[in-house]
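Encoded as structure tokens, the structure appears first; notes follow it.
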Amino acid sequence: LALGKQLNKIGKYVFGTRSRGLDGPVHNIQPGDYVYVKSLAEKTLEPQWEGPFQVLLTSFTAIKIKEQSPWIHHTRVKKAHRSPWKATQIRPGKLYFSR
């Protein structure tokens, strides 16, 4: 009983110092964007990033893609470039790469 009273008194002071949650997203990824997802299992000599995958939904801290059922934390994804590289042959043996 006494402990509960003390916790209530202290709680009034502590409440003001606690985080109030997020006011908005902590990433710049929007639905429709393409992202690469970092693989959880580190495999030597194999790519660590899978994708690109199209983003279906986002929350303040997570991203949802069609290819995986669980939500993915924003720290495991990175935006894919909007357009892939294109190779144009200038002459035999010479290529020009552009986006």
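In terms of the working numbering, the sequence shown opens at residue 4 and continues consecutively.
By construction, the Cβ of each residue, glycine as well, lies at the ideal position given by its N, Cα and C atoms.
Note down, in chain order, each residue of its chain lying with its Cβ closer than 6 angstroms to the Cβ of residue i, except the 5 sequence neighbours on either side.
i: residue 99; result: 91, 93
i: residue 37; result: 55, 57, 83
i: residue 74; result: 65, 67
Residue range of the beta strand (DSSP E) that residue i falls in?
i: residue 53; result: 52-61
i: residue 68; result: 65-68
i: residue 46; result: Careful: residue 46 lies outside any beta strand (DSSP E) and carries neither H nor E.
Give me, in chain order, the residues of the same chain whose beta-carbon lies closer than 8 angstroms to that of residue i; leave out the 5 immediate sequence neighbours on both sides.
i: residue 33; result: 58, 61
Could you please give me the residues that DSSP links to residue i through a beta bridge?
i: residue 13; result: Residue 13 pairs with nothing; no bridge assigned.
i: residue 94; result: 97
i: residue 29; result: Its beta-bridge partners do not exist; DSSP assigns none.
i: residue 8; result: None, per the DSSP bridge assignment.
i: residue 77; result: Residue 77 pairs with nothing; no bridge assigned.
Taking just the CA atoms, how far does residue j sit from residue i?
i: residue 46; j: residue 15; result: 50 angstroms
i: residue 52; j: residue 43; result: 10 angstroms
i: residue 77; j: residue 8; result: 41 angstroms
i: residue 41; j: residue 80; result: 6 angstroms
i: residue 24; j: residue 89; result: 44 angstroms
i: residue 10; j: residue 17; result: 10 angstroms
i: residue 49; j: residue 12; result: 56 angstroms
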